Amino acid sequence: MTTSFLHPNSTTVLNLWTCLPSKWNKICDVDYDVDADVNATLNCHVTPGALWRLADLRLALGNLVQSTGLEVAVNLQCDTEGKVSLPWPYRAPGLVKLKVASCQLLDKYADFNTTAEQIEDSLRVLDMRDSIWFNDPKEFDRVIDNSESVTLRYQCGQVDTLAVYRYHNITDVTLGGDSATSDPSEDARKSSIEIKEMPSGCRHKRLEIQDESASVPLARNHFQNMVDGNTFPALRVLNYSYTGLGEVSKELREWRVFFDQSPMELMDLSHNGIKEVGNIQDYGNPTENLTTTLNLQFNRIAKISFQMFEAWSWVRDFVVDIRNNPIDCSCDMLDLKDLVTQLQDDSKWAEQPMQTYRHHLSVMRCATPPKLSGRVIDSLSAEDLSCLVEKSGPYVQITVVQVLVLLGLLIMLFLAVKYRKEIRMLLFTRVHVLLPCGARKPLKGFSEKVFDAFVAYAHQDSDWVLGSLLKRLEEPSNARGCGPVKLCIHQRDFVVGKPIIDNIIDSIAASRHTIIVLSKSFVKSSWAMEELQQAYRQSLEERRRHLLVVRLEEVPESEMAPVLRRCCKTFTHIQASDPLFWDRLQYSLQTADEEKNRVAAVDEFHNVAYSVNEDREDALAQHTLELETFTSDSNQKPDSNATVLFSETMRAVSLDRT
-11 MTTSFLHPNS TTVLNLWTCL PSKWNKICDV DYDVDADVNA TLNCHVTPGA LWRLADLRLA
49 LGNLVQSTGL EVAVNLQCDT EGKVSLPWPY RAPGLVKLKV ASCQLLDKYA DFNTTAEQIE
109 DSLRVLDMRD SIWFNDPKEF DRVIDNSESV TLRYQCGQVD TLAVYRYHNI TDVTLGGDSA
169 TSDPSEDARK SSIEIKEMPS GCRHKRLEIQ DESASVPLAR NHFQNMVDGN TFPALRVLNY
229 SYTGLGEVSK ELREWRVFFD QSPMELMDLS HNGIKEVGNI QDYGNPTENL TTTLNLQFNR
289 IAKISFQMFE AWSWVRDFVV DIRNNPIDCS CDMLDLKDLV TQLQDDSKWA EQPMQTYRHH
349 LSVMRCATPP KLSGRVIDSL SAEDLSCLVE KSGPYVQITV VQVLVLLGLL IMLFLAVKYR
409 KEIRMLLFTR VHVLLPCGAR KPLKGFSEKV FDAFVAYAHQ DSDWVLGSLL KRLEEPSNAR
469 GCGPVKLCIH QRDFVVGKPI IDNIIDSIAA SRHTIIVLSK SFVKSSWAME ELQQAYRQSL
529 EERRRHLLVV RLEEVPESEM APVLRRCCKT FTHIQASDPL FWDRLQYSLQ TADEEKNRVA
589 AVDEFHNVAY SVNEDREDAL AQHTLELETF TSDSNQKPDS NATVLFSETM RAVSLDRT
């Protein structure tokens, strides 16, 4: 191996190691013969824990390059945790080729607003692969905060000399304390130098190949930023394979508008999960006799047609390569049937680029359906794509029908079991059919009850009780075949002249159920809460679920008294907002009884002591006014006599026991 090289401008023999840092002896070697384009190649194997710095190379070669015109190439290959300090835009005297692989990259923004920006461009080839940038957020913030100082020379990089730019599988992460962030898309956005607010207008004079393959995730507006104010007069190859694009961007479909000065030969978008190509228009060809190929191999394009190939052929000097895609050859693909027919007419494929597309079709294969999988498109016939169903024996049809019927029965059985309560309820409320398994046996003395339900509610909820509840349950026209329900309402049914507490106790005792209309007003009403406690006592005495709780509005448990919380957990409660609310309520009130017992009991209950000449309606009106006075103030306590009487009534049972 040659250990020295001849001075470019004299006969003097030079040894590069006389300039390089001695610490590189362990990780680097110099070759003077491997690359004819340069005077010397520096090959460095960066071991774990080692750090290679571009700043050291600048310092070593500065004077030598100035005096000799030396040109060098640097190849950096890193082991795990091998680190390279490589500030953008990688300027160093005499550095014309830079290749980096599998390294941890540091100090991306370290050269911003430093004298390093004044170093002349020299880099012709940049090849970076399989590496990770570890970015200091403070350095990035410094660039953003001083964005008005970002020059085109810093923004654009080495545009005067760079011809090949390969940036393959490079990831950006932002350092946060001792670890890196876990959102690479956000890190890529933050660490990108191509910020829209920064200056644009880069003219990449010599750039021929731009390869950013396997760069995931790629910013959604990457190509928009790429062409915004920038020109590429020498660009021949764009490689964005394995970048997860998912679509062909407008800037690439209209490349002759956005890259109007570029002699584009290849746009490689293979392995990107693209399903459709989109509309490609003919804007002419400024570079005569140069054909551009759009490589869409190994994507997810499944539908093809003769019209698609014909439309592409109208774009001058242009070819779309869709080989190695999963073509759908199902019998319902009418466009494919037409394409197979057109393949029989050689005149349709006589000229370029239709000849090229015909050749592609001779190797393109069906992916689906299974019976045609692997078949070459060019070998298909109209019969292959027919949707004829083979005749099968009657026993097959009978078997299919039997399976479908059995499946339907199983589904019906499953639904009947799952929704058995709702079905039983709707049968009763809608068609008045009570299934034997759902019948409720009347308790002793239950059929002698006067009312189906006593309604306990706050005065503020009177509109809903009188306007909705009463009309839906008591009027025969709204009963849905179940028969009207007799409710006890204190504003209507309390006996005039009898103490309120006695009215409450007697009315609840004379009712099969008590409906609690639960609202925020209810929990604040003293009389409503006492009606609840008496109804709870009645449930304990009769040893049955006497209470029905209607949740007119949501009330937090923290605002409920202990007995109310217990009732909500123990007894049936129904949401007034439930679409089946009225059905559930009517079904809960249903019981086997005899109408004649009810009529006799009603007469006895209303056998009160007022004179024959007394106007009963006036007395009821006066009594209603008295009750409204008691219930209008939610915080008003009942008079002491009523409280004493109620306490005596409740002494026999503790309501707070669990």
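Numbering (my numbering), first residue to last: -11 to 646.
Where a beta carbon is used, it is the ideal one built from N, C-alpha and C, also for glycine.
Owing to the predicted nature of the structure, the values given are computational and were not obtained by experimental measurement.
{"Item": "Helix, strand or coil: which one does DSSP assign to A151?", "Value": "coil"}
{"Item": "Between the C-alpha atoms of L49 and D95, what's the straight-line distance to the nearest angstrom?", "Value": "20 Å"}
{"Item": "So what's S546 in DSSP terms, helix, strand or just coil?", "Value": "helix"}
{"Item": "Looking at the secondary structure, which residues open and close the alpha helix (DSSP H) in which T356 lies?", "Value": "Where T356 is concerned, there is no enclosing alpha helix (DSSP H), although the beta strand (DSSP E) it sits in stretches over C354 to T356."}
{"Item": "Classify E182 as helix, strand or coil using the three-state DSSP reduction.", "Value": "Model confidence at E182 stands at a pLDDT of 42, short of 50, so the residue's coordinates are unreliable and nothing is read from them."}
{"Item": "Run the CB neighbour count on S55, radius 10 Å, all protein chains shown included, and call it buried at 16 or more, exposed below.", "Value": "exposed"}
{"Item": "Tell me which residue opens and which closes the alpha helix (DSSP H) that T56 is part of.", "Value": "L42 to T56"}
{"Item": "Is W243 close to chain B, meaning its C-beta is less than 8 Å from at least one C-beta of that chain?", "Value": "In the structure shown, chain B cannot be found, because there is only a single protein chain."}
{"Item": "I'd like to confirm the pairing. Which residues does DSSP put opposite G272 in its beta bridges?", "Value": "Answer by DSSP bridge pairing: none, since G272 is not bridged."}
{"Item": "Residues in the same chain with beta-carbon distance under 8 Å from N491, minus the five sequence neighbours each way, listed in chain order, please.", "Value": "H478, F482 and V483"}
{"Item": "What would DSSP say about G164, mapped onto helix, strand or coil?", "Value": "strand"}
{"Item": "May I have the straight-line CA-CA distance separating D25 from E264, to the nearest angstrom?", "Value": "43 Å"}
{"Item": "Once DSSP output is grouped into helix, strand and coil, what is the label at M252?", "Value": "coil"}
{"Item": "Does the pairing of the region 444 to 461 with the region 397 to 409 give three or more beta-carbon distances under 8 Å?", "Value": "no"}
{"Item": "Taking the C-alpha atoms as reference points, what is the distance between T149 and D256?", "Value": "24 Å"}
{"Item": "Quick one, are the C-beta atoms of T231 and E253 less than 8 Å apart?", "Value": "no"}
{"Item": "I need the DSSP call for C190, collapsed to helix, strand or coil.", "Value": "coil"}
{"Item": "Kindly list the residues whose CB is nearer than 6 Å to the CB of S229, restricted to its own chain and excluding five residues on each side of it in sequence; keep chain order.", "Value": "S201, D256, S258 and H259"}
{"Item": "Output needed for C319: all residues of its chain with C-beta closer than 7 Å, excluding positions within five of it in sequence on either side, in chain order.", "Value": "L373, S374 and C375"}
{"Item": "Do V60 and V34 count as a contact pair if the criterion is CB distance below 8 Å?", "Value": "no"}
{"Item": "Who are the Cβ neighbours of L8 in its own chain at under 6 Å, not counting the five residues just before and after it?", "Value": "A48"}
{"Item": "With distances taken Cα to Cα, identify the nearest neighbour of W300 among G189, E339, D571 and S499.", "Value": "E339"}
{"Item": "At which residue ranges does the region 86 to 155 contain complete beta strand (DSSP E) runs of 3 or more residues, listed in the order of the chain?", "Value": "92 to 94 and 113 to 123"}
{"Item": "Unbroken alpha helix (DSSP H) runs of length 4 or more, entirely within the region 278 to 347: which are they?", "Value": "294 to 301 and 322 to 330"}
{"Item": "Please classify V351 as buried or exposed, where buried requires at least 16 neighbouring CB atoms within 10 angstroms.", "Value": "exposed"}
{"Item": "Using the DSSP secondary-structure output, state which residues sit across from N227 in a beta bridge.", "Value": "D199 and D256"}
{"Item": "The alpha helix (DSSP H) that contains N267, what's its start and end?", "Value": "Careful: N267 lies outside any alpha helix (DSSP H) and carries neither H nor E."}
{"Item": "Would you say the beta carbon of N209 comes nearer than 7 Å to a heavy atom of the ligand GDP?", "Value": "As for the ligand GDP, it is missing from this structure, which has no ligand bound."}
{"Item": "Who are Q563's beta bridge partners in DSSP?", "Value": "R539"}
{"Item": "From this set, V538, P274 and C190, which residue's C-alpha is nearest V245's C-alpha?", "Value": "P274"}
{"Item": "By the three-class DSSP mapping on this structure, what secondary structure does T6 have?", "Value": "helix"}
{"Item": "Expressed to the nearest angstrom, what Euclidean distance is found between the alpha-carbon atoms of G362 and L368?", "Value": "11 Å"}
{"Item": "In the DSSP output, which residue or residues are listed as bridge partners for L648?", "Value": "It is not possible to answer for residue 648, since the shown part of the chain is limited to -11 through 646."}
{"Item": "Out of curiosity, what's the CA-to-CA distance linking L42 and A98?", "Value": "11 Å"}
{"Item": "Is DSSP giving F247 helix, strand or coil here?", "Value": "coil"}
{"Item": "Is it the case that the Cβ atoms of V236 and T279 are separated by a distance below 8 Å?", "Value": "no"}
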